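First the structure, in the form of structure tokens, and then the observations on it.
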Amino acid sequence: MFNQAITRVGIRFGVIGGLACFAIVLLLYFIGYNPFGNYGRWSFIPVPVAIFLAIKYYKNFYNAELGFLRGLRVGASVAFYVALTASLLIFILTYFAGPELIKMHVTEMKALLDETREEQIKILGERMFEEGYNALDSLTPSMLAADDFVRRFLGGVIFALVGAIFYRK
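Now the structure itself:
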């Protein structure tokens, strides 16, 4: 059933968390680091913070007897809106920043794949490794944003599970 309180809390904390994630991405970009590489993991810190604060807020102001499933719905709602906001803003950044940002990311990823070539071939096989390596050349802003959305949402759902267990009645 549709619950407006869950949606309102999800939007409020999700958009604020998504803006915080994007602020970290922007900071990394302006400092000169690749915001989508290893340093980009710092931009995932606001996701669990937003989820835990939202579940706590919902429990304090809407439902003191918060159960597991309702807590999970609140956390998943926040995770969705964090991922949506951050990925849309990242798409806009990569679209307007031009191809230099994507080229920097592709160069770093290819260097990382070259360093771990033998291990990757053992895991994936020669053909899959070469396909993945060559697919980096066709990376677009929408692909980067979609990948960011999926990673933030799935990570957020895991933290939503933890938060729902922690804050249940």
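Take the sequence shown: its letter number 153 is residue 153 in my numbering, and every next letter is one higher.
Yeah, the Cβ is synthetic: ideal placement off N, Cα and C, and Gly gets one too.
Computed from a prediction, not measured in an experiment: that's the story for all the values here.
- Look at P141 here: in three-state DSSP terms it is helix.
- A straight-line Cα-Cα distance of about 36 Å links Y57 and G32.
- Runs of the beta strand (DSSP E) lying entirely within the segment 143-167 and spanning at least 3 residues: none are present.
- Judged by DSSP in its simplified three-state form, L66 adopts coil rather than helix or strand.
- Distance check between I55 and each of F13, D148, R127 and A111 places F13 closest, using alpha-carbon atoms only.
- Under the three-pair Cβ rule at 8 Å, the segment 77-94 counts as touching the segment 10-26.
- With fewer than 16 other Cβ atoms inside 10 Å of its own Cβ, K122 counts as exposed.
- Counting along the chain, P46 sits inside the alpha helix (DSSP H) bounded by residues P46 to F61.
- Setting aside the 5 residues that flank it on each side, M109 is surrounded in the same chain by L136, each with a C-beta closer than 6 Å to its C-beta; the list follows chain order.
- Counting of Cβ neighbours within 10 angstroms places S43 among the buried residues, the total reaching 16 or more.
- Shortest Cα-Cα distance from I11 to any of Y95, F80 and E100 involves F80.
- Here the alpha carbons of G71 and V9 stand approximately 11 Å from one another.
- For G132, the closest alpha carbon among the candidates P141, R117 and P46 is that of R117.
- The criterion of a C-beta distance shorter than 9 Å is satisfied by F22 and L93.
- Looking from the CA of V162, the closest CA among F36, L69 and G37 belongs to L69.
- A direct Cα-to-Cα measurement between L139 and I102 gives close to 7 Å.
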